[in-house]
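**Q**
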Amino acid sequence: MPLFDRVNHRLQLNDYGRIMLEHTRRSLTELHSASERIAALRNPETGTVRLGFLHSLASWFVPEIIRVFRESAPRVKFALTQAPSEDIVAMLARGEIDVAVIGPRPAADEFDWYELYVERLCLAVPESHPLSGRATIRLADASDNAFIMLRRPFGLRKLVDELFAAADVVPRIVFETIEIPTIEGLVAAGFGVAVVPSPRPTKETEGVRYVPLDDVGAFRPIGLAWPVGREPSPVVTRFLTFLANRGQGAI
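Counting from 1, one number per residue, gives the positions in the sequence shown under the UniProt record's numbering.
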């Protein structure tokens, strides 16, 4: 198919040629754009980290680690996703995010893991509750209370279910929700008690007393997860190294 016509001994683009030229220019522009994006991705000073994390880490841990990281990497961008552990693990497997800060550790062997810190689990009770003065407590000692729980499939709910099973306790669940602050608010209002991670001192909910659990396994490890065998970009590697070197010291 000819792209040129000869007119007065000169070659000129015909209709076919003009269409081809238009699309060639677009292709060259796209190739240039792709080259620039690849270069940015390969540069540890720029690029984007696609980070997934738990709802319970949204108000303190994640903002703080990003703030500290960007002090030395101000041009790095973040695409943030918060969701239950099960959803985050699925997104990691599909390549929709680069790295996750989650807990507990994913059961699948397809993910690498680096533990950052461990949260102790507590029984959250109203301040006026008979158990509020206890130094520690076992779940069996609170079995006659109404419980407020996270919905399944949250990772913390799985941990709590396992603790109840180990204690041979069938909890009387009165509310299920998707946010720990909602659980704590319901506890403060006197609707029941709940198993939650020990809060930071500045994050304690008014009207709630947090009694550490003495049950075996009453801890939630928080760590980094990323896919095995998938080479992270330089900027993601830089972020992983930053977190591994600092752990909770980054906070």
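We put the CB at the ideal spot given by N, CA and C, even for glycine.
Is the segment 204-214 touching the segment 129-141, taking contact as three or more C-beta pairs under 8 Å?
**A** Short answer: they touch.
**Q** Rank Tyr114, Met91, Val89, Pro104 by C-alpha distance to the C-alpha of Phe242 and give the top, closest one.
**A** It is Tyr114 whose Cα lies nearest to the Cα of Phe242.
**Q** Measure from the alpha carbon of Arg238 to the alpha carbon of each residue in Thr46, Asp5, Glu22, Pro197, then state which is nearest.
**A** Minimum Cα distance to Arg238 is reached at Thr46.
**Q** Within a Cβ cutoff of 6 Å, which residues of the same chain sit near Gly207, ignoring the five residues on either side of it in sequence?
**A** Within the same chain, Gly207 has close Cβ partners Glu127, Ala188.
**Q** Could you tell me whether the segment 74-82 touches the segment 101-110, using the rule of 3 or more Cβ pairs below 8 Å?
**A** Contact between the segment 74-82 and the segment 101-110 is absent, because fewer than three Cβ pairs lie under 8 Å.
**Q** Is it right to say Glu184 is buried, meaning 16 or more other beta carbons lie within 10 angstroms of its own, or is it exposed?
**A** Buried, by the Cβ-count rule.
**Q** Can you tell me where the alpha helix (DSSP H) with Glu115 in it begins and where it stops?
**A** Taken as a continuous stretch (DSSP letters only), Glu115 belongs to no alpha helix (DSSP H), being part of the beta strand (DSSP E) at 111-126.
**Q** Residues in the same chain with beta-carbon distance under 7 Å from Arg200, minus the five sequence neighbours each way, listed in chain order, please.
**A** Contacts found: Trp60.
**Q** Is the segment 82-98 touching the segment 217-224, taking contact as three or more C-beta pairs under 8 Å?
**A** With a cut-off of 8 Å, the segment 217-224 and the segment 82-98 do not count as touching, because too few Cβ pairs lie within range.
**Q** What's the gap between the Cα of Leu54 and the Cα of Arg152?
**A** Distance between the alpha carbons of Leu54 and Arg152 is about 14 Å.
**Q** So, at 6 Å on beta carbons, what are the nonlocal neighbours of Ser85 in its own chain, with the 5 sequence-adjacent residues on each side left out?
**A** So the qualifying residues of the chain are Ile102, Gly155.
**Q** In angstroms with no decimal places, state the Cα-to-Cα distance between Ala107 and Val125.
**A** Their Cα atoms are separated by approximately 31 Å.
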